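Asker: Line by line, the protein sequences are chains Z and H. Going by this note's numbering, the first residue of the first sequence is number 10, and it counts up by one from there. Going by this note's numbering, the first residue of the second sequence is number 10, and it counts up by one from there. Think of the CB as a built atom: it goes at the ideal place given N, C-alpha and C, for glycine as much as any other residue. Just so it is clear, the structure is predicted and the values come from calculations on it, not from any experiment.
2 protein chains.
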Amino acid sequence: MTSSRTTADTSAAVAAGLDRLMMWARRQVPSQMSSTAIATLDTLVYRGPIRISELAERERLTQPGMTTLVNRLAEQGLAERVADATDGRATLVRITNAGRDLLIERHANRTQALLTHVERLQPAHRRALVAALDAIEELVASTANGTP
Amino acid sequence: MTSSRTTADTSAAVAAGLDRLMMWARRQVPSQMSSTAIATLDTLVYRGPIRISELAERERLTQPGMTTLVNRLAEQGLAERVADATDGRATLVRITNAGRDLLIERHANRTQALLTHVERLQPAHRRALVAALDAIEELVASTANGTP
DNA sequence: CACTTTATATAACTCTCAGATGTAACCTGA
DNA sequence: TCAGGTTACATCTGAGAGTTATATAAAGTG
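What follows is the structure, encoded as structure tokens:
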């Protein structure tokens, strides 16, 4: 009882802490592209070629919205359309090398921006964050594929 | 030597982990309001009444952009304009009780959404995140007031 | 008291999204 | 095999939220 109570409380504390962390981090790293565009490219990396409608659902966009977003990405050479061999109606979207490069560069920039702050932390706190990296990994992986 | 090398590496790992965490969390909690509007309200809480132009700079918006955003917030009753007693040109923006309530409710909603995932973590991972809460606190506080 | 600077507001435009609707490809049963 | 229904995507308009350029009003300055 005490145990489950504690688990619930600490989970809530962690969730609240993560939310505040995100609010903070958002301000540290200005981003030039639409966050939806970035997240979509990210999904393309982890999911591979994927249908427009499925992409729209994952990114919580309407299908027409995703269609125009894919158009923009294609114009910029960051993604491309591929015919679906199994269904003539469908279009698969695939990230290009340029798209991957953009994500890599962006990630590096953001990491650099956060780095300054992380380096200034008390050593013990930094160690605590390092120790939590696997946990973050699990969290991110928890819905990385097939969100339900 | 080895030590400083390790510090830099682990800091980078932490920063990279945080970036991926943000990408992930973005998808978990859809928000109805503009993220800029939320962040602005948040700033109003932590800074108290503040000038339009200073607010614009903090949120990386142009001054006209912040003027219209403040108009929207005022129409919704989430913030209000107050005359600056020391400067007739300036307008101070102040959050209202309704604005505070909205932030509180939103934080609760997001925390609830994250909670599900946190509770499913392996106990050891959850403990690691709990242990990192103070570190997160320090990180968020590092530029919570007066970023420069 | 003119002149410059500062703080905000207004106007016109752009970009990105949502909602409604159209069109082509697939599936199903008589 | 073909008519009717469904699925997947595209197109069209309209609204929201931001930008730059510019105007207005209050402060400072010689």
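1) In chain H, which residues lie with their C-beta within 7 Å of the C-beta of R36/Z?
2) Using a beta-carbon distance below 9 Å, is E146/Z in contact with chain H?
3) Short check: CB of M32/H to CB of D51/Z, under 9 Å?
4) Determine the closest residue to S40/H out of G108/Z, E128/Z, R109/Z, E68/Z, with distance taken between C-alpha atoms.
5) Determine the DSSP secondary structure at L53/Z, reduced to helix, strand or coil.
6) Please list, in chain order, the chain H residues whose beta carbon lies closer than 7 Å to that of V79/Z.
7) Nearest CA to the CA of S151/H: which residue from H126/Z, A107/Z, L101/Z, N118/Z?
8) What is the DSSP secondary structure of L30/H, reduced to helix, strand or coil?
9) What's the C-alpha gap between T76/Z and I61/Z?
10) Taking three-plus beta-carbon pairs below 8 Å as touching, is the stretch 75 to 94 of chain H in contact with the stretch 115 to 124 of chain H?
11) Using a Cβ cut-off of 7 Å, which residues of the stretch 107 to 131 of chain H contact any Cβ in chain Z, in chain order?
12) Between R103/Z and E89/Z, is the Cβ-Cβ spacing less than 9 Å?
13) Mind reading off the beta-carbon distance from T71/Z to G86/Z? Whole number of angstroms is fine, and I expect it under 8 Å.
14) I'd like to confirm the pairing. Which residues does DSSP put opposite L101/Z in its beta bridges?
15) Within a Cβ cutoff of 7 Å, which residues of the same chain sit near V54/H, ignoring the five residues on either side of it in sequence?
16) In whole angstroms, give me the CA-to-CA distance for R3/H and V38/H.
17) Of the choices V23/Z, L30/Z, A25/Z, whose alpha-carbon is the least far from that of L233/H?
18) Would V23/Z and V139/H qualify as a contact pair, given that the criterion is a beta-carbon distance under 9 Å?
19) For S20/Z, decide whether its Cβ has a neighbour in chain H, counting only Cβ atoms nearer than 9 Å.
20) Check the Cβ-Cβ distances between M10/Z and every residue of chain H, and say whether any is below 9 Å.
21) Could you give the DSSP three-state label for Q121/H: helix, strand or coil?
22) Spatial neighbours of A99/H within its chain, please: CB distance less than 6 Å, with the 5 preceding and 5 following residues excluded, ordered by chain position.
23) With DSSP run on the structure shown, which of helix, strand or coil describes T11/H?
24) Can you pull the chain Z neighbours of S39/H, defined as C-beta to C-beta under 7 Å?
25) Which residues in the same chain have their Cβ closer than 6 Å to the Cβ of I47/Z, if we skip the five residues on either side of it in sequence?
26) Measuring only between beta-carbons, confirm whether R56/Z sits less than 9 Å from chain H.
27) Can you tell me the Cβ-Cβ gap for S44/H and R35/Z, rounded? I've got them flagged as a contact below 8 Å.
28) Under three-state DSSP, which class holds L142/Z?
29) Figure out for me which residue from P58/H, A141/H, A133/H has the closest Cα to the Cα of L130/Z.
30) Starting from the Cα of E146/H, find the closest Cα among A21/Z, D18/Z, S20/Z, A25/Z and give me that residue.
Answerer: Concretely, from the data shown:
1) Under a criterion of Cβ atoms nearer than 7 Å, the residues of chain H adjacent to R36/Z are, in order, A48.
2) Answer yes: the Cβ-Cβ gap between E146/Z and chain H drops below 9 Å somewhere.
3) Taking 9 Å as the Cβ cut-off, M32/H and D51/Z qualify as a contacting pair.
4) For S40/H, the nearest C-alpha among the options comes from E68/Z.
5) Helix.
6) Going along chain H, no residue has its Cβ under 7 Å from V79/Z, so there is no contact; the nearest lies around 18 Å.
7) Nearest of H126/Z, A107/Z, L101/Z, N118/Z to S151/H, Cα basis: H126/Z.
8) Three-state DSSP puts L30/H in a helix.
9) Distance from the CA atom of T76/Z to the CA atom of I61/Z, rounded to whole angstroms, is 7 Å.
10) Result no; under three Cβ-Cβ pairs closer than 8 Å.
11) From the stretch 107 to 131 of chain H, only H116, R119, T120, L123, L124, H126, V127, E128, R129, L130, Q131 have a Cβ closer than 7 Å to chain Z.
12) Remark: C-beta atoms of R103/Z and E89/Z approach each other more closely than 9 Å.
13) The C-beta distance from T71/Z to G86/Z rounds to 24 Å, too long to fall under 8 Å, and the pair is not in contact.
14) Looking at the DSSP assignment, L101/Z forms a beta bridge with R60/Z, V91/Z.
15) Hits under 7 Å: I104, R109, L112.
16) Residue numbering for chain H in the displayed model covers 10 to 157; residue 3/H lies beyond these limits and cannot be assessed.
17) Examination of residue 233/H is not possible in this model, given that chain H is present from 10 through 157 alone.
18) It is a contact, given that the beta carbons lie within the stated cut-off.
19) S20/Z counts as touching chain H.
20) Because the pLDDT at M10/Z is just 47, under 50, the model does not fix this residue reliably, and the point stays unresolved.
21) If DSSP states are grouped into helix, strand and coil, Q121/H belongs with the helices.
22) Shown here for A99/H: same chain residues with a beta carbon closer than 6 Å to its own, the five before and five after excluded, namely R60, D93 in chain order.
23) Note that T11/H scores 44 on pLDDT, short of 50, meaning its location in the model is unreliable; the coordinates nonetheless yield the value given after this. It is helical.
24) First, the amino acid is wrong: residue 39/H is Pro here, not Ser. Close to P39/H, with beta-carbon spacing below 7 Å, are these residues of chain Z in chain order: R69.
25) Its chain contains no residue whose beta carbon lies nearer than 6 Å to that of I47/Z once the 5 sequence neighbours on both sides are disregarded.
26) R56/Z does not count as touching chain H.
27) About 7 Å separates the CB atoms of S44/H and R35/Z; that is less than 8 Å, so the two are in contact.
28) Helix at L142/Z.
29) Comparing Cα-Cα distances from L130/Z to each of P58/H, A141/H, A133/H, the minimum goes to A141/H.
30) Measuring from the Cα of E146/H, the nearest candidate turns out to be A25/Z.
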